[in-house]
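Undergrad: Have a look at this one before I ask anything.
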Amino acid sequence: MNNFWKKMHKPIYALAPMAGVTDSAFRQMCKSFGADVVYSEMISAAAIFYNSKKTLELMEFDKKERPFVIQLFGSNPEHFAYATKYITEKIKPDGVDINFGCPVKKVAKQGAGAILMDNLKLAREIIEAVINNTNLPVSLKIRSQVGQTTALDFLKYLADLDIKAIMIHGRTVNQGHSGPVDYEIIKQARKFFKGIILANGGVKSVFDANNLLEKTKADGIGIGQGALGRSWIFKEVKSQKFIKSKVQKEELFKIILKHAELVQKLKGDQGIVEMRKHLCWYVAGMDGSKDLRQKLVKVESLNEIKKVIDNS
12 MNNFWKKMHK PIYALAPMAG VTDSAFRQMC KSFGADVVYS EMISAAAIFY
62 NSKKTLELME FDKKERPFVI QLFGSNPEHF AYATKYITEK IKPDGVDINF
112 GCPVKKVAKQ GAGAILMDNL KLAREIIEAV INNTNLPVSL KIRSQVGQTT
162 ALDFLKYLAD LDIKAIMIHG RTVNQGHSGP VDYEIIKQAR KFFKGIILAN
212 GGVKSVFDAN NLLEKTKADG IGIGQGALGR SWIFKEVKSQ KFIKSKVQKE
262 ELFKIILKHA ELVQKLKGDQ GIVEMRKHLC WYVAGMDGSK DLRQKLVKVE
312 SLNEIKKVID NS
């Protein structure tokens, strides 16, 4: 097994997986600013099992993104076994991750995502199905607590399995993406897990990153929402410099155009429509951002983005 996690310089700064956000273009942007590891969007194991063309396209990646990890979600061990084998043989990423952290209700209704963490028996069957069908390192994304199951309960129950890395979102499923992060439970996870531990939750600045690392003693961190509209946050945390103030309007527009050109190349005009949310995140907080957002939410092509920027 080629376990890339073992070779990584610490602390590791990873782009956390986000549905509808961490596509190839965004991953490449974050990589260009120093992200050490990037994850795919959440990929449905069932959709791979049923050969969904759209889902297969979600897994495409550029070699510049390595190490690149594909994250799967679902609730059927048979689907996971098939999907893992397919990914290993056809897609050839650097790792496979299983989602036990997504709090979204439509995912929970399928018995998948965070809700699965509270079903220890099925969670174990799924993890075993993945491990038994790949030679890639297997990792998990979990939460501090789901239902009656804490992260420590979960890891203790799985302690004998060959899991190479975990990303722990230090909030309960009921907290979603807001509220205080439980640093202590991430720190205590070391008692039950000897692999790589990434702490996740609330990182929006160099201070937040350092604070999370210091309080959890983790091997690295996963940055999710803190990277929205700020793909350069990885450069900030690595250089230990708060550089947002230095990203002047002209520089920001260059970053936006680089991202948009990547999206156009990979997905065409449909990708530009999907990118509108990124455009709004990029300009948030700028002078005149309200007016800019009103224009950017209507763009349908790269040329239209250029026009908005040229007239701003």
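Just so you know, our numbering puts the end of the sequence shown at 323, numbered straight through with nothing missing.
The beta carbon of each residue, even a glycine, is placed where N, CA and C say it ideally should be.
Fair warning: this is a prediction, and the values are worked out from it, not measured in the lab.
My guess is that phenylalanine 245 and glycine 106 are in contact by the Cβ rule of under 8 Å, so how many angstroms apart are they, rounded?
TA: Not a contact, Cβ separation roughly 19 Å.
Undergrad: What residue range does the alpha helix (DSSP H) around lysine 228 cover?
TA: Element bounds for lysine 228: n/a, residue is neither H nor E.
Undergrad: By DSSP, does histidine 180 sit in helix, in strand, or in coil?
TA: If DSSP states are grouped into helix, strand and coil, histidine 180 belongs with the strands.
Undergrad: What is the residue span of the alpha helix (DSSP H) that tyrosine 93 lies within?
TA: Residues 88-97.
Undergrad: Could you tell me how far apart the beta carbons of valine 274 and glutamate 247 are, in whole angstroms, since I believe they sit closer than 8 Å?
TA: That pair is no contact at about 23 Å.
Undergrad: Would you mind sorting arginine 242 into buried or exposed? The rule is 16 or more other CB atoms within 10 Å of its CB.
TA: Reading off the sequence shown, one finds serine at residue 242, where the question assumed arginine. Classification for serine 242: buried.
Undergrad: Report all residues from its chain with a CB closer than 7 Å to the CB of glutamate 71; omit the five preceding and five following residues, and keep chain order.
TA: Answer for glutamate 71: Ser35, listed in chain order.
Undergrad: Taking only the alpha-carbon atoms, compute the straight-line gap between serine 256 and glycine 299 and give it to the nearest angstrom.
TA: Caution applies to serine 256, whose pLDDT of 47 falls short of 50 and renders its modelled position unreliable; the model cannot decide the point.
Undergrad: Rounded to the nearest angstrom, what separates valine 149 and isoleucine 81 at their Cα positions?
TA: Computed Cα separation, rounded: 10 Å.
Undergrad: Could you pull the start and end residues of the beta strand (DSSP E) that arginine 154 belongs to?
TA: Start and end: 149-157.
Undergrad: Counting only the same chain and skipping the five closest in sequence on each side, list residues whose C-beta sits under 6 Å from that of isoleucine 320.
TA: So the list reads Phe264, once near-sequence residues are dropped.
Undergrad: Quick test of your reading: tyrosine 50 and threonine 33, contact by CB under 8 Å. State the CB separation rounded to the nearest angstrom.
TA: Their Cβ separation, rounded to whole angstroms, is 6 Å, which keeps tyrosine 50 and threonine 33 in contact under 8 Å.
Undergrad: Determine whether the beta carbon atoms of isoleucine 3 and tyrosine 93 lie at a separation below 8 Å.
TA: Because the chain spans 12 through 323 in this model, residue 3 falls outside it and cannot be assessed.
Undergrad: According to the neighbour-count rule (16 or more other Cβ atoms, all chains shown, within 10 Å of its Cβ), is serine 250 buried or exposed?
TA: Answer is exposed; the Cβ neighbour count stays below 16.
Undergrad: Here's a check: name, in chain order, each residue in its chain whose Cβ is nearer than 7 Å to the Cβ of lysine 21, leaving out the five neighbours to either side.
TA: Counting only Cβ-Cβ distances below 7 Å, and skipping sequence neighbours, we find Asp230 and Gly231.
Undergrad: Glutamine 251: beta carbon under 7 Å from a heavy atom of the ligand FMN?
TA: Questions concerning the ligand FMN fall outside what the structure shown contains, since it holds no ligand whatsoever.
Undergrad: Check whether the region 180-187 and the region 133-147 are in contact - that is, three or more C-beta pairs closer than 8 Å.
TA: No, the region 180-187 is not in contact with the region 133-147.
Undergrad: What distance in whole Å lies between the Cβ atoms of isoleucine 153 and phenylalanine 111, which are believed to be in contact at a cut-off of 8 Å?
TA: Correct: roughly 5 Å between the Cβ atoms.
Undergrad: Among all the DSSP beta bridges, which residues are the ones paired with valine 310?
TA: Its beta-bridge partners do not exist; DSSP assigns none.
Undergrad: Give me, in chain order, the residues of the same chain whose beta-carbon lies closer than 7 Å to that of asparagine 14; leave out the 5 immediate sequence neighbours on both sides.
TA: Result list for asparagine 14: Pro148 and Lys175, in chain order.
Undergrad: Quick one, are the C-beta atoms of leucine 209 and glycine 233 less than 8 Å apart?
TA: Yes, Cβ-Cβ distance for leucine 209 and glycine 233 is below 8 Å.
Undergrad: From the DSSP output, which residues share a beta bridge with isoleucine 208?
TA: Note: isoleucine 208 sits in a beta bridge opposite Ile177.
Undergrad: Please identify the residue among Glu315, Pro114, Pro88 and Ile23 whose C-alpha is closest to the C-alpha of methionine 29.
TA: That would be Pro114, whose Cα lies nearest to the Cα of methionine 29.
Undergrad: Whose CA, out of Gly124, Cys291, Asn314 and Gly296, lies closest to the CA of glutamine 305?
TA: Checking every option, the nearest Cα to that of glutamine 305 belongs to Cys291.
Undergrad: Could you spell out the range, first to last residue, of the alpha helix (DSSP H) harbouring alanine 35?
TA: Looking at the sequence provided, one finds serine at residue 35 rather than alanine. Note, serine 35: alpha helix (DSSP H), 35-43.
Undergrad: Could you give the C-beta distance for threonine 99 and threonine 145, rounded to a whole number, given that I count them as a contact under 8 Å?
TA: Contact holds; Cβ gap of about 4 Å.
Undergrad: Report yes if the C-beta distance between valine 157 and aspartate 129 is below 8 Å; otherwise report no.
TA: Yes. Within cutoff.
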